[in-house]
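Asker: Just so you know, the sequences run in chain order A and B.
Each position in the first sequence, counted from 1, maps to that position plus 391 in this note's numbering.
Each position in the second sequence, counted from 1, maps to that position plus 58 in this note's numbering.
Glycine included, each C-beta is placed from N, C-alpha and C at the ideal position.
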Amino acid sequence: MSASFVLIPGRTSKQGSGISEGKFRESYQSETNTLLVSPHDMQELGLANGDRVRMTSPQGYVEVAVTAAKADELPPGLLFIAYGDLSSRLMGADTHGSGMPTSKCLDVKLEKIMPVENDP
Amino acid sequence: MPAEKPLTARSVKPAKPAPESLKIVKDAVCTFCGCVCDDIELHVDGLKIVEAKRACVLGTSWFLNHEIEDRAACYIEGRPATVDEGIQRAAAILLQAKYPLIYGMSDTTVESQRVVVAIGDWIGANVDTTTSVCHGPSGMAFQGVGEVTASLGEIRNRGDLIIFWGANPAESHPRHFTRYSLMPKGMFVPNGRKDRTCVLIDVRKTKSARTADIFLQIKPRCDFEALWTLRALAKGITLDPRQVEEDTGQPLSVWQDLMDRMKAARFGVFFFGMGLTMTRGKHSNTEALLALTRDMNKYTRFVVRANRGHGNVSGADNVVTWRTGYPFGVNLGRGYPRFNPGEYTASDVLARGEADAALIVASDPMANFSEPAREHLKRIPYIAMDPKETPTTRQATVAFTVAACGINVAGTVYRMDDVPIPLRPAFESPHPSDYTILKGIERRIREQQAATAASNARRPSLRPA
Chain A
392 MSASFVLIPG
402 RTSKQGSGIS
412 EGKFRESYQS
422 ETNTLLVSPH
432 DMQELGLANG
442 DRVRMTSPQG
452 YVEVAVTAAK
462 ADELPPGLLF
472 IAYGDLSSRL
482 MGADTHGSGM
492 PTSKCLDVKL
502 EKIMPVENDP
Chain B
59 MPAEKPLTAR
69 SVKPAKPAPE
79 SLKIVKDAVC
89 TFCGCVCDDI
99 ELHVDGLKIV
109 EAKRACVLGT
119 SWFLNHEIED
129 RAACYIEGRP
139 ATVDEGIQRA
149 AAILLQAKYP
159 LIYGMSDTTV
169 ESQRVVVAIG
179 DWIGANVDTT
189 TSVCHGPSGM
199 AFQGVGEVTA
209 SLGEIRNRGD
219 LIIFWGANPA
229 ESHPRHFTRY
239 SLMPKGMFVP
249 NGRKDRTCVL
259 IDVRKTKSAR
269 TADIFLQIKP
279 RCDFEALWTL
289 RALAKGITLD
299 PRQVEEDTGQ
309 PLSVWQDLMD
319 RMKAARFGVF
329 FFGMGLTMTR
339 GKHSNTEALL
349 ALTRDMNKYT
359 RFVVRANRGH
369 GNVSGADNVV
379 TWRTGYPFGV
389 NLGRGYPRFN
399 PGEYTASDVL
409 ARGEADAALI
419 VASDPMANFS
429 EPAREHLKRI
439 PYIAMDPKET
449 PTTRQATVAF
459 TVAACGINVA
469 GTVYRMDDVP
479 IPLRPAFESP
489 HPSDYTILKG
499 IERRIREQQA
509 ATAASNARRP
519 SLRPA
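The structure is reproduced here in structure tokens:
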């Protein structure tokens, strides 16, 4: 089952520091590959920190680990991810005559990826 | 003669002995973000910066992680090559292209940016900067509405109501508050933070909210509606409270309170970020904010300024404007500049599959552009130059590893308020600067063009005598 959300990609201190450390290093990769979800939505979707979800926009989809946002950082229905490769993959190419693809407030659907059970 | 300063416990304390090899660079300049802090003290041990006093978390990472990259200065199709071979191949790629794209420039000096635009002029390229996917919509709005603005110095000395809209300086410009906008004691705000009111307007409660006196959380994609609500209130127009709350996520009374504060301010300031430019409405959102700022000057002094991200993205706007008359998204294909965002902006040119070669300077479109734009960039030959390995340099036909501007290379960068700042580098890099590479490419292009022109002149004319 999937649910609809609005995704906000944005800058974070760790993402910014990670650029200088190197974009292929662990720090940048982990920061830009983690989705923040409000505690309310984590509960609604039955998610725990570290669970993986599939996030789909009209442009495509990415798979990403989730972490609960702090207290009132995000209202229900809003998601946050640090700018990077994954967030850019969800942007459409159309810039509506501005040169700027819509890069914030993206409509996405979220679906929990069920862990594959090992054979006994 | 001034009286001799009395000795205090602090002044007689013996200084910690510095290692012999340690070099101190005072007033070094951080070029990571648009704040361009020029009060950093660097301690340099050989080819490594070991301390960056006064730098923020982003600046510290910027300085301390810049060691000499253990990479070749040039790669052609993934294989190490000499810089001269790289320059020759780069020039050949650009000369053979029918629709070359030049993009980036926000993390290099204005001296290099000038050469980039010159190359674009010689080959009739489409020239665009990272501004187009940052504050490009703001650039469009400046042209449509104008910009009532001030330098960061003026804001520091006068601003008593500071409103951040769609911006999160606590994470993107960590010293913004302390150096420019909130904490400093200024000429007309002698008590610093106590004399200023800070308002944050955003769709989520960012880390900057801790600093604000008032935080207004608005509905996503409703910045335009919120801004027009304020424009209406500025003019005393009666609004439907139910409609306002439904449209903006905040009651009319909250907006009225904000407008009262804005009119009562002696020097109001809007700082805005990409929360306005990257979301639905884009340049319309920014136009609304610029128009509101203009409106407010009927009642008091109000200014607006964009929080610019990259260290010299403002320089890129300035240089491209000096050279072409337009700030970004400029096509020189007909021998004269044409400006049209959406048509000549890099993301569009690539996503439509138009460019057949590219020169990428100090930027990383392979990590930041939409998938269709990236897919096209992968298919065409392109040249990239960056101090570090990035997704863009990894896929480049010709990739140059260059010295870092501000750390290894001198020059000039523009702060976010268009104030030029000279760089004070810490140590020399064995890698060439992008200026050296770009001048080499430009020289090679001119030689080839001169040779072609001479060859054409020697051909017998088909015209009747």
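Which class does A67 (chain B) belong to by DSSP, given the choice of helix, strand or coil?
Answerer: Counting from one through the second sequence, the residue named residue 67 (chain B) turns up at place 9. Legend: pLDDT at A67 (chain B) = 36, less than 50; position of this residue unreliable, no value from coordinates given.
Asker: Using a Cβ-Cβ cut-off of 6 Å (strictly less than) and excluding sequence neighbours within five positions of E229 (chain B), which residues of its own chain qualify?
Answerer: Numbered from its first residue, the second sequence carries residue 229 (chain B) at position 171. For E229 (chain B), where only same-chain residues beyond five positions count, the Cβ hits under 6 Å are K265.
Asker: At a Cβ threshold of 9 Å, is P506 (chain A) touching chain B?
Answerer: Mapped onto the first sequence, residue 506 (chain A) falls at position 115. P506 (chain A) does not count as touching chain B.
Asker: Can you tell me whether I441 (chain B) is buried or exposed? The criterion is at least 16 other CB atoms within 10 Å of its CB, across all chains shown.
Answerer: Position 383 of the second sequence holds residue 441 (chain B). Classification for I441 (chain B): buried.
Asker: List the residues of chain A that P483 (chain B) touches, going by C-beta distances under 9 Å, in chain order.
Answerer: Residue 483 (chain B) sits at position 425 when you count from the first residue of the second sequence. Chain A residues near P483 (chain B): none, gap ~16 Å exceeds 9 Å.
Asker: Against chain A, with Cβ distances strictly below 9 Å, would I263 (chain B) count as a contact?
Answerer: Stepping through the second sequence from its first residue, residue 263 (chain B) is reached at position 205. The sequence as given places Lys at residue 263 (chain B); Ile does not occur at that position. With 9 Å as the cut-off, K263 (chain B) counts as an interface residue toward chain A.
Asker: Run through the DSSP bridge pairs and tell me what N426 (chain B) is partnered with.
Answerer: On the second sequence, position 368 is the one that residue 426 (chain B) refers to. According to DSSP, N426 (chain B) bridges with nothing at all.
Asker: Which residues in chain B have a C-beta closer than 8 Å to the C-beta of H431 (chain A)? List them in chain order.
Answerer: Here residue 431 (chain A) refers to the residue found at position 40 of the first sequence. Under the 8 Å cutoff, chain B gives no residues; its nearest Cβ is about 14 Å from H431 (chain A).
Asker: From Q308 (chain B) to L274 (chain B), what distance separates their C-alpha atoms?
Answerer: For the purposes of this step, residue 308 (chain B) is taken as the residue at position 250 of the second sequence. For the purposes of this step, residue 274 (chain B) is taken as the residue at position 216 of the second sequence. When rounded, the distance between both Cα atoms is 7 Å.
Asker: CA-CA distance, T459 (chain B) and K414 (chain A)?
Answerer: Reading the second sequence from its first residue, position 401 is the one you call residue 459 (chain B). Reading the first sequence from its first residue, position 23 is the one you call residue 414 (chain A). Taking the straight line joining both Cα atoms gives about 15 Å.
Asker: Name the residue from B:M424, B:Y357 and B:A346 whose alpha carbon lies nearest to the alpha carbon of M317 (chain B).
Answerer: Your numbering for residue 317 (chain B) matches position 259 in the second sequence. Out of B:M424, B:Y357 and B:A346, B:Y357 has the C-alpha closest to the C-alpha of M317 (chain B).
Asker: What does the Cβ neighbour count give for P400 (chain A), buried or exposed, with the cut at 16 atoms within 10 Å?
Answerer: Here residue 400 (chain A) refers to the residue found at position 9 of the first sequence. With 16 or more other Cβ atoms within 10 Å, it is buried.
Asker: Expressed to the nearest angstrom, what Euclidean distance is found between the alpha-carbon atoms of V453 (chain A) and V499 (chain A)?
Answerer: Taking the first residue of the first sequence as 1, we reach residue 453 (chain A) at position 62. Taking the first residue of the first sequence as 1, we reach residue 499 (chain A) at position 108. Approximately 11 Å between the Cα atoms of the pair.
Asker: How about L122 (chain B) and I107 (chain B): are their beta carbons less than 9 Å apart?
Answerer: Numbered from 1 along the second sequence, position 64 holds the residue referred to as residue 122 (chain B). Numbered from 1 along the second sequence, position 49 holds the residue referred to as residue 107 (chain B). Yes.
Asker: Which residue spans inside the region 314–390 of chain B form an unbroken beta strand (DSSP E) run of at least 3?
Answerer: Runs found: 325–330 and 359–364.
Asker: Straight-line CA distance for I438 (chain B) to M332 (chain B)?
Answerer: Against the second sequence, residue 438 (chain B) aligns to sequence position 380. Against the second sequence, residue 332 (chain B) aligns to sequence position 274. I438 (chain B) and M332 (chain B): Cα-Cα distance of roughly 30 Å.
Asker: If I follow the unbroken beta strand (DSSP E) through N184 (chain B), where does it start and stop?
Answerer: If you number the second sequence from 1, residue 184 (chain B) lands on position 126. Looking at the DSSP string, the run of the beta strand (DSSP E) that includes N184 (chain B) is N184 to T187.
Asker: Out of A:A473, A:S429, A:N440 and A:D442, which one is the CA nearest neighbour of K461 (chain A)?
Answerer: As a working note, residue 461 (chain A) is residue 70 in the first sequence. Selected option, being the one with the closest Cα: A:S429.
Asker: Do you know whose CA, among B:R251, B:W286 and B:Q301, lies nearest T269 (chain B)'s CA?
Answerer: As a working mapping, residue 269 (chain B) is identified with position 211 in the second sequence. Answer by Cα proximity: B:R251.
Asker: Starting from K497 (chain B), trace the alpha helix (DSSP H) both ways and give me its first and last residue.
Answerer: Locating residue 497 (chain B) in the second sequence gives position 439, counting from the first residue. Start and end: D492 to R516.
Asker: What is the residue span of the alpha helix (DSSP H) that D260 (chain B) lies within?
Answerer: Residue mapping note: residue 260 (chain B) aligns to position 202 of the second sequence, counting from 1. Careful: D260 (chain B) lies outside any alpha helix (DSSP H), inside the beta strand (DSSP E) at T255 to D260.
Asker: By the DSSP assignment, the beta strand (DSSP E) with R416 (chain A) in it spans what residues?
Answerer: Your numbering for residue 416 (chain A) matches position 25 in the first sequence. Note, R416 (chain A): premise wrong, no beta strand (DSSP E); not H, not E.
Asker: Got a sec: is the Cβ-Cβ distance from Q275 (chain B) to anything in chain A below 9 Å?
Answerer: Within the second sequence, the letter at position 217 stands for residue 275 (chain B). Yes, Q275 (chain B) lies at the interface with chain A (some Cβ there is under 9 Å from its Cβ).
Asker: Taking 9 Å as the threshold (beta carbon to beta carbon), is V168 (chain B) in contact with chain A?
Answerer: Position 110 of the second sequence holds residue 168 (chain B). Not closer than 9 Å to any Cβ of chain A, the Cβ of V168 (chain B) fails to qualify, so no.
Asker: Please report whether the beta-carbon of Q420 (chain A) lies at a distance below 9 Å from any beta-carbon of chain B.
Answerer: The residue given as residue 420 (chain A) occupies position 29 in the first sequence. Closer than 9 Å: no.
Asker: For G475 (chain A), collect the residues of the same chain with a Cβ closer than 6 Å to its Cβ; drop the 5 residues on either side in sequence, then sort them by chain order.
Answerer: Looking up residue 475 (chain A) in the first sequence gives position 84. Contacts found: T423.
Asker: Along chain A, which residues have their Cβ under 8 Å away from the Cβ of M443 (chain B)?
Answerer: Position 385 of the second sequence, counting from 1, holds the residue named residue 443 (chain B). Neighbours of M443 (chain B) on chain A: none; closest Cβ ~16 Å, over 8 Å.
Asker: Between L350 (chain B) and G204 (chain B), how many whole angstroms is the CB-CB distance? I'm expecting something under 8 Å.
Answerer: The residue given as residue 350 (chain B) occupies position 292 in the second sequence. The residue given as residue 204 (chain B) occupies position 146 in the second sequence. Actually they are not in contact, since the Cβ atoms of L350 (chain B) and G204 (chain B) sit about 13 Å apart, beyond 8 Å.
Asker: Less than 8 Å between the CB atoms is what I'm expecting for G369 (chain B) and G162 (chain B), so what's the real figure, rounded?
Answerer: Looking up residue 369 (chain B) in the second sequence gives position 311. Looking up residue 162 (chain B) in the second sequence gives position 104. That belief does not hold up - the Cβ atoms of G369 (chain B) and G162 (chain B) are roughly 13 Å apart, past 8 Å.
Asker: Under the rule that 16 or more other beta-carbon atoms within 10 Å means buried, what is I504 (chain A), buried or exposed?
Answerer: Working through the first sequence from its first residue, we reach residue 504 (chain A) at position 113. Exposed: under 16 other Cβ atoms inside 10 Å.
Asker: Below 8 Å on C-beta distance, what does N426 (chain B) contact in chain A?
Answerer: Here residue 426 (chain B) refers to the residue found at position 368 when the second sequence is read from its first residue. Those are Y474 and S479, listed as they occur along chain A.
Asker: For P75 (chain B) and S342 (chain B), what's the separation of their Cα atoms in angstroms?
Answerer: Along the second sequence, read from residue 1 onward, the residue named residue 75 (chain B) stands at position 17. Along the second sequence, read from residue 1 onward, the residue named residue 342 (chain B) stands at position 284. Reliability of the predicted coordinates at P75 (chain B) is poor, the pLDDT of 49 falling under 50, and no value is obtained from them.
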